[in-house]
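For the sequence shown, UniProt numbering begins at 1 and goes up steadily by one. Don't be surprised by glycine CBs; every beta carbon is placed ideally from N, CA and C. Please read all numbers here as calculations on a predicted model, not as lab measurements.
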Amino acid sequence: MTGALLLEVEHLSKSYGGVHAVVDVCFSLHAGEMLALIGPNGAGKSTCFNMVNGQIPADTGRIRIGGRDTKGLSPRQVFRLGVGRTFQIAEVFSSMTVRENVQAVLMTGDTGLAGLWGAAGKRHVAAADAVLELIGMADMAERPCADMAYGDVKKLELGIALAAGPKLLLMDEPAAGMAPLERVALMALTARIAKERGIGVLFTEHDMDVVFSHADRMMVLDRGRLIAEGSPESVRRDPKVRAVYLGDGRVYDSGERTVPA
């Protein structure tokens with residue numbers, strides 16, 4: 001990778017009693033790179049995500065974001081290191097307009113209390129509109145989120161994550177619940193912005209067409225262990241991946257038990 005190193009994960013493990021959720025996982029992510037983390041249900045993807053995001057502590061291993069060790073940091077402190085996140089089920093403030101949702105994120109950097117929303121709603125208008133222009137929603141700025149189609153809600157969630165200017169973006173099944181053409185459009189938009197702005201993107205996704213079309217590199221987890229990593233084409237050809245995930249009928253057993261991811 002030619003971009004700067006943004007994320008370093010070294011020997012990451014997490015267990016719940018005698019059940020191994022993530023086992024000795026190592027990987028890195030660079031600026032402008034789209035890195036997919038895939039695997040069967042229960043493989044440990046969400047557990048891995050939540051450790052990177054600071055939501056759950058690792059048992060062993062180290063995570064560095066921009067060279068900073070994140071051990072002991074809260075999710076909010078991790079966010080302040082330049083980490084954004086989207087979720088499988090998109091969450092926006094349905095009572096607000098599209099613009100106001102973006103403004104709410106921009107206001108988190110303000111000092112002091114914003115006061116009533118009538119005054120606060122006048123803050124960061126230009127910056128919010130710039131984000132909406134970036135994601136192709138400028139013409140929807142005044143629309144109440146409660147009136148939007150789900151595909152537009154997912155796109156707005158991307159804008160909300162980008163509003164804080166993240167260096168690293170974590171996307172948990174970004175295409176979930178979207179129509180096929182919407183999935184392609186959202187991930188193409190994400191990839192373009194990542195390249196233009198030097199944002200590293202780590203994403204999970206069950207839609208293999210989305211993964212193979214937009215990932216620069218892929219990692220495959222099975223029963224908490226990383227069993228393959230590389231280009232989409234090399235991962236597609238890997239016999240262990242074909243056995244556990246792509247479904248060619250062969251059997252592969254790592255011998256480990258896991259909890260649901």
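- Item | Contacts around residue 136, its chain only, beta-carbon distance under 8 Å, and the 5 residues preceding and following it disregarded | Result list for residue 136: 155 and 189, in chain order.
ask   = Counting Cβ pairs, one atom from each stretch, are 3 or more of them under 8 Å apart for the region 58–70 and the region 94–106?
value = no
Fully enclosed by the region 116–185, which beta strand (DSSP E) runs are 3 residues long or longer? 168–172
Identify, in the order they occur along the chain, each residue of the same chain with its Cβ nearer than 7 Å to the Cβ of residue 4, setting aside the five sequence neighbours on each side.
Same-chain partners within the cutoff: 30 and 31.
What is the rounded straight-line gap between the Cα of residue 63 and the Cα of residue 230? 20 Å
- Can you tell me whether DSSP reads residue 46 as helix, strand or coil? helix
Is the beta carbon of residue 6 less than 8 Å from the beta carbon of residue 219?
no
TODO: Have a look at 21, 151, 227 and 81 and flag the residue whose alpha-carbon is nearest the alpha-carbon of residue 174.
DONE: 151
* **Distance between residue 209 and residue 187 (C-alpha atoms, nearest Å)** => Cα to Cα, the separation comes out at about 11 Å.
By DSSP, does residue 96 sit in helix, in strand, or in coil? Three-state result, residue 96: coil.
Worksheet entry | Nearest neighbour of residue 203, chosen from 193, 215 and 197 [CA to CA] | 215
- Task: Classify residue 192 as buried or exposed, calling it buried when 16 or more other Cβ atoms lie within 10 Å of its own Cβ.
- Result: Answer is exposed; the Cβ neighbour count stays below 16.
**Study point:** Rounded separation between residue 96 and residue 237 - CA only
**Key:** The alpha-carbon atoms of residue 96 and residue 237 are separated by roughly 47 Å.
Residue 6, DSSP secondary structure in three states: strand
Checklist entry - Which residues share a DSSP beta bridge with residue 60? => result Its beta-bridge partners are 13.
Using DSSP's beta-bridge definition, name the partner residues of residue 20. 15
| Inter-residue Cα distance where the pair is residue 12 and residue 176 | 27 Å
Beta carbon of residue 243, beta carbon of residue 235: below 8 Å? no
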